[in-house]
Amino acid sequence: MQHPYDGNGRCKTKGRGGGGGGGEEKGEGEGERERERERERERERERERERERERERQEREIERERERERERERERERERETGARDREREREREREREREREREREREREAMGNGSLRSMGVC
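Last residue of the sequence shown: number 376 in my numbering, and the count goes up by one each step with no gaps.
Quick look at the structure:
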């Protein structure tokens, strides 16, 4: 029976004729290479999962920062509204104080007017 040559003068099973199987049984190295390829594929999948987790973490961080900025903007808007209301209330209090001073001056003028007439003996 002839040895199973691959057509290039090499024996597929015994490694004769310059190379070939190198003494391994047929398929012995192929299983190990396949397991190594599978381990590499698994490592690549793990790296991809890690990249995906990192992307998600960054997206969550960006969204948290955007929410903080929206909250700061809402707070500034509330302060503007509150400040405007406070300023309006202060202006109204000032107008009321001015009206009160005007009434006081009016009472003083009336009192002086009455008093001066009395002092002159008119009344």
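Glycine included, every Cβ here is placed at the ideal spot set by N, Cα and C.
Own chain residues within Cβ distance below 7 angstroms of residue i, not counting five before or after
i: Arg356; result: none
i: Arg300; result: none
Close-in-space but distant-in-sequence residues of the same chain around residue i (CB under 6 angstroms, 5 per side omitted)
i: Glu312; result: none
i: Glu295; result: none
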